[in-house]
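Only one structure is covered here, and it is reproduced in the block below.
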Amino acid sequence: MIHHIDWRDAAACKADPDAMHPDNNEVGIANAKQICATCPGTLPCLVDAILTGDNEHGIRAGLRPKQRRAIVHTLPGGQRADRTAVTAAARKALGHPTDDLREIWEDRSHTMPGGHLGWHGGETVIFSGHVYTPNRLSFEADRGRPPVGMVRRTCEVDACVHPRHLADSQERQQAAEAAGAV
């Protein structure tokens, strides 16, 4: 199951955020980069740094400000580039593999009140030659299999894409059968 967790909650630098601002001290810079090397959140950290314009101070995702500014200069539209372009550039800069459905889902979903998840980034996603609706992408990234038939919401919140609030035809049929057996 996909669980939407803010990357900052698991960031390796959370224990000592001051270490990420070494003031051109080479030993401190090496230490900060080492902290980043152990962090599971380098990609969202770098995306956040670029999108928020945090390209002047400190180490983010193991990169110095000059390195982050160089990434911004490669973006169409520079600092105003959209999240998808920023994520692709950050992934390339960090040597991350091509998108997978789970990463696309993490990048484009956001927390909503009441335990729901919303979607930003368009009505469809094209990945590996397939067209995905937000519901299908969320379902497949979570279940690890393509849906059988249509993926529909099981909650009342319009546009919710939380995997626990989605079911394909097969799951809806199983739920109906289980409800009839009670």
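Residue numbers (the numbering used here): 7 to 188. Glycine included, every Cβ here is placed at the ideal spot set by N, Cα and C. Computed from a predicted model, the values in this text were never measured in an experiment.
So, with DSSP's three-state summary, where would you put residue i?
i, result
"L107", "helix"
"T117", "strand"
"G186", "helix"
"A17", "coil"
"I65", "coil"
"R158", "strand"
"A173", "strand"
Does the Cβ of residue i have 16 or more other Cβ atoms within 10 Å, making it buried, or fewer, making it exposed?
i, result
"I132", "exposed"
"A184", "exposed"
"P152", "exposed"
"G47", "buried"
"A16", "exposed"
"D29", "exposed"
"D12", "exposed"
Which residues in the same chain have their Cβ closer than 8 Å to the Cβ of residue i, if we skip the five residues on either side of it in sequence?
i, result
"V53", "R89, V92, T93, A96 and D113"
"V163", "M118, G120, H122 and H171"
"C161", "H122, H168 and H171"
Output the distance between the C-alpha atoms of residue i and residue j, rounded to the nearest integer angstrom.
i, j, result
"N31", "A38", "10 Å"
"V154", "G128", "23 Å"
"G34", "D24", "10 Å"
"C45", "I65", "13 Å"
"W111", "Y138", "11 Å"
"P71", "A21", "22 Å"
"Q176", "R159", "14 Å"
"H126", "P140", "9 Å"
"Q179", "G186", "11 Å"
Just reading off the beta strand (DSSP E) that residue i is part of, what are its end residues?
i, result
"L81", "Taken as a continuous stretch (DSSP letters only), L81 belongs to no beta strand (DSSP E), as it is neither H nor E."
"G124", "H122 to W125"
"V163", "Element bounds for V163: n/a, residue is neither H nor E."
"H6", "Any property of residue 6 remains undetermined from this structure, which presents the chain solely from 7 to 188."
For residue i, which residues in the same chain have their Cβ closer than 6 Å to its Cβ, ignoring the five residues on either side in sequence?
i, result
"C19", "M26 and I41"
Beta-carbon within less than 7 Å of residue i's beta-carbon, same chain only, minus the 5 sequence neighbours each way: which residues are those?
i, result
"I56", "R74, I77, V78, V92 and A96"
"H63", "H27 and P71"
"H102", "L49"
Could you give the residue range of the alpha helix (DSSP H) that holds residue i?
i, result
"G34", "E32 to A43"
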